[in-house]
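Residue numbers (our numbering): -6 to 199.
Yeah, the Cβ is synthetic: ideal placement off N, Cα and C, and Gly gets one too.
I have placed the structure first, in the form of structure tokens, so that the comments after it can refer back to it.
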């Protein structure tokens, strides 16, 4: 009798385990279940062509001196970057969205704007009164924001300035600052801007 009870319990256990396995195998896939979803879908070639056509049309109504297209927000599609000075010290950034070209940000500095081959972003430079700031542009909520790497003169002790070092709003060591600063400096090149002309617009916005 005891052997029969054990046998029945074992059979019941195997039956329940089988039901659970079947339920797991054939359950409908839920959003977020299983493998993680991609952060952003790949931009189609068709959308890129539409964006290029919209940018060319948009250029007909602006008075910029310089322009280029760069993927400044890292979403797989290039944005239109416009410069307005003899050197590109002030820029505005425009993005193709749902059939329209929208302004998503701007930046300016008398020290000039550059492009980093390391970060693949637009960087700015500023210095004065013993302080130095580098930054790159990032985008959050569809708007441009600066991320700073800073050397700030905070006080003077015995006639010598004492500096604070910061990155992304957090204090870092002088060694960490110099390492990142040197790394950025080595990666800086001029922004790949083109003089505004219809020949250049048709050549470079494709």
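Spatial neighbours of residue 167 within its chain, please: C-beta separation below 8 Å, excluding the five flanking residues on both sides. 156, 158
Sub-9 Å separation of residue 57 and residue 102 beta-carbons: no
In whole angstroms, give me the CA-to-CA distance for residue 100 and residue 83. 6 Å
Under DSSP, the beta strand (DSSP E) around residue 50 begins and ends at which residues? Counting along the chain, residue 50 falls outside any beta strand (DSSP E), though it belongs to the alpha helix (DSSP H) covering 38 to 51.
Same chain, Cβ closer than 8 Å to residue 192, neighbours up to 5 away in sequence not counted: none
Rounded to whole angstroms, what is the Cα-Cα separation between residue 162 and residue 111? 21 Å
If I measure Cβ to Cβ from residue 140 and keep anything under 7 Å in the same chain, skipping five residues before and after, which residues do I get? 128, 129, 131, 161
So, helix, strand or coil for residue 196, using DSSP? helix
Validate contact between the region 142 to 150 and the region 118 to 128 using beta carbons, cut 8 Å, 3 pairs: yes
Quick one: Cα of residue 40 to Cα of residue 134, how far? 21 Å
What residue range is occupied by the uninterrupted beta strand (DSSP E) comprising residue 158? 153 to 160
Alpha carbons only, please: which of 79, 55, 90 is nearest the one belonging to residue 72? 90
Identify whether residue 117 lies in helix, strand or coil by the three-state DSSP scheme. strand
Three-state secondary structure (DSSP) at residue 30? At residue 30, the pLDDT of 24 sits below 50, so the modelled position is not reliable and the matter cannot be decided from this model.
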